[in-house]
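**Q** Protein sequence lines, in the order shown, are assigned to chains A and B. Residues are numbered in my numbering as their position in the first sequence, beginning at 1, plus a constant of 61. Residues are numbered in my numbering as their position in the second sequence, beginning at 1, plus a constant of 8.
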Amino acid sequence: MPAISFQSVTKTYPSTRGGSGLRALNEVSFDIAEGEFFGLLGPNGAGKTTLISILAGLTRATSGRVTVQGCDVQADYAQARRRLGVVPQELVFDPFFNVREALRIQSGYFGVKNNGPWIDELLESLGLADKASSNMRQLSGGMKRRVLVAQALVHKPPVIVLDEPTAGVDVELRQTLWQFIAKLNKQGHTVLLTTHYLEEAEALCSRIAMLKQGRIVALDDTSALLKAASSNVLRFKVDGELPPALAAAARITGRIVQLPAHGALEIEQYLASVREAGLTVEDVEIRKADLEDVFLEVMAAEHSHAAIVAAKQSSGARLPV
Amino acid sequence: MSSQPTVMVTGAMSGWQTLLYKEVLRFWKVGFQTVAAPVLTAVLYLLIFGHVLEGNVKVYDTIQYTAFLVPGLVMMSVLQNAFANSSSSLIQSKIMGSLVFVLLTPLSHWSWFLAYVGSSVVRGLLVGMGVLAATAWFTTLSVVAPQWIIVFAVLGAALLGSLGVIAGLWAEKFDQMAAFQNFVIMPMTFLSGVFYSIHSLPPFWQTVSHLNPFFYMIDGFRYGFFGVSDVSPWISLGIVGIALLVVAGIAVNLLRIGYKIRG
């Protein structure tokens, strides 16, 4: 039985002007196995948070079915939610309570009594022990984020969902958080992560799905995704505007240009084109492709990938990029 | 680390009890605003109206105006604060986003209802007892039928707590909530016979008053003190009971469908 199963999930938000409405998710189907550390990636507006909201029962799917350890999130919502711990994306808190009260109350909602030792352990592990008696209003953004994580874990859920948990937080918290979550994952907890930090997803996730415009456009083991992408990236600085043909394929950040390169010949052709355009090239380097390169390639080639994914999904096979 | 990836053993009853506890703790932490302030307001009403009208107005021929006013003020405070509790908690947590902590839990719509209405009843009764204790110094009050006092206080608080749940779910902004409070709750409370017996009104306004369910709550509550009322307490009980069932039914159904809280 999968830890999480999305089965043909579609979500359409009704239009305020009487049109056909906005389709945020379109027949999304995939499973996450018990104990997996799974990454869900996609640009803003791709449907990641909608999918997680449906999983958490915050939003209802227009059609399709979602289960958590076999429990339907609508028909058997109480059992499904007992199995889920969700860290929401927004930095929300209840200003009436201190940290320990907030955790005790959250624990009580799940009917967990005498949870003091586990709450102490959470406070210690997330660096909150000295803030236990502080009111939530007095905490910094990073500390509030830690409390959100602790609240999600207070009932020891077997399935943990983290919706961009490190957005806008400092490096120290990110390290603390990932060490802690990785530890829980090693103990058997299933983790579903959405993040904009692709290096985090690459380092942590064993499998990754990419969403674009409400559809899955890639789904595979992280290593397979990396292998399937361009093996190398050519990176250099340039002192002017690239020729249009080159610019279309490049990732440009200020003066820095990065181009996917499959071999030495292609690299030589790129550099020759730049020289022919009368531009000066500096700081040339060739590096291995990372998940960000894969992500950009997949997003750029979304139409062809969507067709492949649809074909693979219908055959039930794993989905190479 | 001793975490185990299994579902923790839970008790079905303790989830809503925690939400009830949290809601009571929430208003208790700001007790000056939620309990002490309404008591002071009621005392000011008593001082001003009592001072101006005492000696000029006699109700039911024998009852001094200040004595008549006290149960009305107590019940008005009970009703207004019961409404304020559930409505303000819901609108605040919706706007601040902290409602998500409850939305993510396995609590059923019945649990939500019991906790939000239960805490409204607690606050309403607490404020009512505070008003009674503070205003009783200014007059001599008899208690003829305490069972009616308790029944109408609890049912009235539950009715207004349920109405507060509906308003809290419906309102998306604080000014919508303020409109509900100022244009619905406040007029219905003030025009329910808190400050007067409806027998002193012209026939038309007597008829209008009989359409106001708040009138029956206050009239029945007052019967417990004096043993006399504008209508029979049994009629008041029936009307308040039916109103409670209707309003509670709407509130429970809105919670069940996740009205404006689940997309």
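The beta carbon of each residue, even a glycine, is placed where N, CA and C say it ideally should be. All values reported here derive from a predicted model rather than from experimental measurement.
#1: Distance check for Thr111 (chain A) and Arg264 (chain B), CA to CA, integer angstroms please.
#2: So, Leu116 (chain A) versus Val147 (chain A), is the Cβ gap smaller than 9 angstroms?
#3: Is His364 (chain A) close to chain B? Criterion is C-beta to C-beta, closer than 9 angstroms.
#4: For Ser85 (chain B), list the residues DSSP reports as bridge partners.
#5: Please report how far the alpha carbon of Ala163 (chain A) lies from the alpha carbon of Gln212 (chain A), in whole angstroms.
#6: Report the rounded CA-to-CA distance for Phe157 (chain A) versus Lys205 (chain A), giving the unit in angstroms.
#7: Taking only beta-carbon atoms, is Ala190 (chain A) less than 9 angstroms away from chain B?
#8: Using the C-alpha atoms, what's the distance from Phe91 (chain A) back to His216 (chain A)?
#9: Below 8 angstroms between beta carbons is the criterion; list the residues of the segment 107-120 of chain A that meet it against any residue of chain B, in chain order.
#10: Is Thr283 (chain A) near Lys109 (chain A), with beta carbons less than 9 angstroms apart?
#11: Less than 9 angstroms between the beta carbons of Val86 (chain B) and Leu54 (chain B), yes or no?
#12: Near Tyr29 (chain B), which residues of its chain fall below 8 angstroms by C-beta distance, leaving aside the five closest residues on each side in sequence?
#13: At least one CB of chain A closer than 9 angstroms to the CB of Arg264 (chain B): is that the case?
#14: How is the alpha helix (DSSP H) around Gly100 (chain A) delimited, first residue to last?
#15: Would you verify that the beta carbon of Met104 (chain B) is, or is not, closer than 9 angstroms to some beta carbon of chain A?
#16: So the beta strand (DSSP E) Thr128 (chain A) belongs to, where does it begin and stop?
#17: Does any residue of chain A bring its CB to less than 9 angstroms from the CB of Gln41 (chain B)?
#18: Roughly how many angstroms lie between the CA atoms of Ala92 (chain B) and Val43 (chain B), to the nearest whole one?
#19: Taking a Cβ distance cut-off of 9 angstroms, strictly less, list which residues of the segment 130-163 of chain A are near chain B, in chain order.
#20: Taking the beta strand (DSSP E) that Asp281 (chain A) belongs to, which residues open and close that run?
#21: Using a Cβ-Cβ distance under 9 angstroms, would Gly23 (chain B) count as near chain A?
#22: Under the DSSP definition of a beta bridge, which residues are partnered with Glu353 (chain A)?
#23: For the beta strand (DSSP E) containing Phe212 (chain B), list its first residue and its last residue.
#24: With three or more beta-carbon pairs closer than 8 angstroms as the criterion, would you say the segment 110-128 of chain B touches the segment 191-204 of chain B?
#25: Of all the CB atoms in chain A, is at least one closer than 9 angstroms to the CB of Met9 (chain B)?
#26: Specify whether the segment 237-255 of chain B and the segment 157-173 of chain B touch according to this definition: at least 3 beta carbon pairs, one from each stretch, less than 8 angstroms apart.
#27: List the DSSP bridge partners of Met271 (chain A).
#28: Where Pro381 (chain A) and Ile269 (chain A) are concerned, what is the direct C-alpha to C-alpha distance, given to the nearest angstrom?
#29: Compute the Euclidean distance between the alpha carbons of Gln236 (chain A) and Ala264 (chain A), then round it to the nearest angstrom.
#30: Contact between the segment 224-239 of chain B and the segment 147-159 of chain B: three or more CB pairs below 8 angstroms?
#31: Below 9 angstroms on C-beta distance, what does Ile242 (chain A) contact in chain B?
#32: Would you mind telling me which residues of chain A sit closer than 7 angstroms to Leu115 (chain B), beta carbon to beta carbon, in chain order?
#33: Can you tell which of B:Ala259, B:Val260, B:Phe223, B:Asn261 has its C-alpha closest to the C-alpha of Ile243 (chain B)?
#34: For Met185 (chain B), collect the residues of the same chain with a Cβ closer than 8 angstroms to its Cβ; drop the 5 residues on either side in sequence, then sort them by chain order.
#35: Under three-state DSSP, which class holds Pro219 (chain A)?
#36: Closest Cβ-Cβ distance between Ala20 (chain B) and chain A: below 9 angstroms?
**A** Judging by the given coordinates:
#1: The count along the second sequence starts at 1 and reaches residue 264 (chain B) at position 256. The count along the first sequence starts at 1 and reaches residue 111 (chain A) at position 50. Each residue's alpha carbon lies about 21 angstroms from the other.
#2: Stepping through the first sequence from its first residue, residue 116 (chain A) is reached at position 55. Stepping through the first sequence from its first residue, residue 147 (chain A) is reached at position 86. Yes, they are a contact pair.
#3: For the purposes of this step, residue 364 (chain A) is taken as residue 303 along the first sequence, with counting starting at 1. Residue placement at His364 (chain A) cannot be trusted, given a pLDDT of 48 that sits under 50; what the coordinates show is reported in the next sentence. Answer no: the Cβ-Cβ gap between His364 (chain A) and chain B never drops below 9 angstroms.
#4: Walking along the second sequence from the start, residue 85 (chain B) turns up at place 77. DSSP, once it has assigned bridges, lists no residue as partnering Ser85 (chain B).
#5: The residue given as residue 163 (chain A) occupies position 102 in the first sequence. The residue given as residue 212 (chain A) occupies position 151 in the first sequence. Near 8 angstroms, if we compare the C-alpha coordinates of Gln212 (chain A) and Ala163 (chain A).
#6: Numbered from 1 along the first sequence, position 96 holds the residue referred to as residue 157 (chain A). Numbered from 1 along the first sequence, position 144 holds the residue referred to as residue 205 (chain A). In a straight line, the C-alpha of Phe157 (chain A) is about 14 angstroms away from that of Lys205 (chain A).
#7: As a first step, residue 190 (chain A) is located in the first sequence; it is residue number 129 there, counting from the start. Residue-level contact by beta carbon fails for Ala190 (chain A) and chain B, as no gap is shorter than 9 angstroms.
#8: The residue given as residue 216 (chain A) occupies position 155 in the first sequence. The residue given as residue 91 (chain A) occupies position 30 in the first sequence. Taking C-alpha positions only, His216 (chain A) is separated from Phe91 (chain A) by approximately 26 angstroms.
#9: Within the segment 107-120 of chain A, the residues whose Cβ lies closer than 8 angstroms to some Cβ of chain B are Ser114, Ala117, Gly118, Leu119, Thr120, listed in chain order.
#10: Numbered from 1 along the first sequence, position 222 holds the residue referred to as residue 283 (chain A). Numbered from 1 along the first sequence, position 48 holds the residue referred to as residue 109 (chain A). Taking 9 angstroms as the Cβ cut-off, Thr283 (chain A) and Lys109 (chain A) do not qualify as a contacting pair.
#11: By 1-based counting over the second sequence, the position of residue 86 (chain B) is 78. By 1-based counting over the second sequence, the position of residue 54 (chain B) is 46. Not in contact: Val86 (chain B) and Leu54 (chain B) (Cβ atoms no closer than 9 angstroms).
#12: For the purposes of this step, residue 29 (chain B) is identified with residue 21 of the second sequence, where counting begins at 1. Nothing meets the Cβ criterion.
#13: Counting from one through the second sequence, the residue named residue 264 (chain B) turns up at place 256. So, not an interface residue.
#14: Taking the first sequence and counting its residues from 1, one reaches residue 100 (chain A) at position 39. If you look at Gly100 (chain A), you'll find it isn't in any alpha helix (DSSP H); it sits in the beta strand (DSSP E) that goes 98-102.
#15: Locating residue 104 (chain B) in the second sequence gives position 96, counting from the first residue. Yes, its Cβ sits closer than 9 angstroms to a Cβ of chain A.
#16: Position 67 of the first sequence, counting from 1, holds the residue named residue 128 (chain A). Note, Thr128 (chain A): beta strand (DSSP E), 124-129.
#17: Taking the second sequence and counting its residues from 1, the one referred to as residue 41 (chain B) is at position 33. For Gln41 (chain B), the answer is no, since every Cβ of chain A falls outside 9 angstroms of its Cβ.
#18: Taking the second sequence and counting its residues from 1, one reaches residue 92 (chain B) at position 84. Taking the second sequence and counting its residues from 1, one reaches residue 43 (chain B) at position 35. If you take the alpha carbons of Ala92 (chain B) and Val43 (chain B), they lie about 11 angstroms apart.
#19: Along the segment 130-163 of chain A, going in chain order, the ones with a CB nearer than 9 angstroms to a CB of chain B are Gln130, Tyr138, Ala139, Gln140, Ala141, Arg142, Arg143, Arg144, Leu145, Gly146, Val147, Pro149, Glu151, Leu152, Val153, Phe154, Asp155, Pro156, Phe157, Phe158, Glu162, Ala163.
#20: Counting from one through the first sequence, the residue named residue 281 (chain A) turns up at place 220. 276-282 is the extent of the beta strand (DSSP E) around Asp281 (chain A).
#21: As a first step, residue 23 (chain B) must be located in the second sequence, where it is residue number 15. Using a CB distance cut-off of 9 angstroms, Gly23 (chain B) counts as an interface residue toward chain A.
#22: In the first sequence, residue 353 (chain A) corresponds to position 292, counting from 1. BP columns for Glu353 (chain A) are empty, so no partner.
#23: Indexing the second sequence from 1 puts residue 212 (chain B) at position 204. Phe212 (chain B) -> not in any beta strand (DSSP E); alpha helix (DSSP H) instead, spanning 211-218.
#24: no
#25: The residue labelled residue 9 (chain B) in the question sits at position 1 within the second sequence. Residue confidence is low: Met9 (chain B) scores 49 on pLDDT, short of 50, so the model does not pin down where it sits. No coordinate-derived value is stated.
#26: yes
#27: Taking the first residue of the first sequence as position 1, residue 271 (chain A) is located at position 210. In the DSSP output, where bridge partners are listed per residue, Met271 (chain A) has A:Leu102, A:Ala279.
#28: What you label residue 381 (chain A) is simply residue 320 of the first sequence in a count that begins at 1. What you label residue 269 (chain A) is simply residue 208 of the first sequence in a count that begins at 1. The pLDDT assigned to Pro381 (chain A) is 31, lower than 50, so where the model puts this residue is not dependable; a value taken from the coordinates is nonetheless given after this. Spanning the two alpha carbons is a distance of roughly 11 angstroms.
#29: Locating residue 236 (chain A) in the first sequence gives position 175, where the first residue counts as 1. Locating residue 264 (chain A) in the first sequence gives position 203, where the first residue counts as 1. Using only the alpha carbons, I get a separation of about 12 angstroms.
#30: yes
#31: Translated into positions along the first sequence, residue 242 (chain A) becomes position 181. Going along chain B, no residue has its Cβ under 9 angstroms from Ile242 (chain A), so there is no contact; the nearest lies around 11 angstroms.
#32: As a working note, residue 115 (chain B) is residue 107 in the second sequence. What Leu115 (chain B) touches in chain A: Tyr170.
#33: Reading the second sequence from its first residue, position 235 is the one you call residue 243 (chain B). The residue with the shortest Cα to Cα distance from Ile243 (chain B) is B:Phe223.
#34: What you label residue 185 (chain B) is simply residue 177 of the second sequence in a count that begins at 1. So the list reads Ser95, Ser96, Ile99, Ala175, Gly176, Ala179, once near-sequence residues are dropped.
#35: Translated into positions along the first sequence, residue 219 (chain A) becomes position 158. In this structure, Pro219 (chain A) counts as coil in the three-state DSSP scheme.
#36: Numbered from its first residue, the second sequence carries residue 20 (chain B) at position 12. Any reading at Ala20 (chain B) is ruled out, since the residue's pLDDT is 43, under 50, leaving its predicted position unreliable.
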